[in-house]
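In this note's numbering, the protein residues as written are 426 to 585.
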């Protein structure tokens, strides 16, 4: 009788283990399907990103510069007014001495990021010229003020 009890306990234990194993196998199958679906979605997003990259590139002739007034200057370039598709825009002219392959890759990555961003507190990226002999041009919306003036005139807070 003791042997029958032990045999029954072993059978019960084995059935429980097989049941647990089947449940774990089902979980693995579900997780594998979810992983595969996520990988497919990721690949589709990567494909969309590759397709959307460089859609912002326009030919040099599409942007006219008004070099009469420099709006700003920094370590990578200077900003002037310009015209793009009959709209007044800001054009950042990247210094040609900076236009090495490494830096151009950085500029392209930055532009690809800018092309994806939309927010009321960010300057709107419009286009870029990569075939300019003097260096790349980045075309953005033209604001009616600059950050330094807004800061000095206390326009950045509700308190004046």
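Where is the CB? At the ideal position from N, CA and C, for every residue including glycine.
Here residue 563 is buried: its Cβ has 16 or more other Cβ atoms, across all protein chains shown, within 10 Å. Out of 482, 441, 502 and 506, the CA that lies nearest to the CA of residue 493 is found in 506.
Separation of the CB atoms of residue 556 and residue 485 is rounded to 5 Å, and the pair is thereby assigned contact status at 8 Å. The DSSP-derived three-state label of residue 498 is strand. The C-alpha of residue 467 is placed about 12 Å away from the C-alpha of residue 459. In the three-state scheme derived from DSSP, where H, G and I count as helix and E and B as strand, residue 426 is classed as coil. Counting only runs of 4+ residues, the alpha helix (DSSP H) found wholly inside the segment 490 to 550 occupies 526 to 541, in chain order. Residue pairing from DSSP places residue 482 in a beta bridge opposite 553. Note that the C-beta distance between residue 488 and residue 514 is below 9 Å.
Within the same chain, no Cβ atom closer than 7 Å to the Cβ of residue 452 is found once the five residues on either side in sequence are excluded.
Here residue 457 carries a helix assignment [DSSP, helix/strand/coil].
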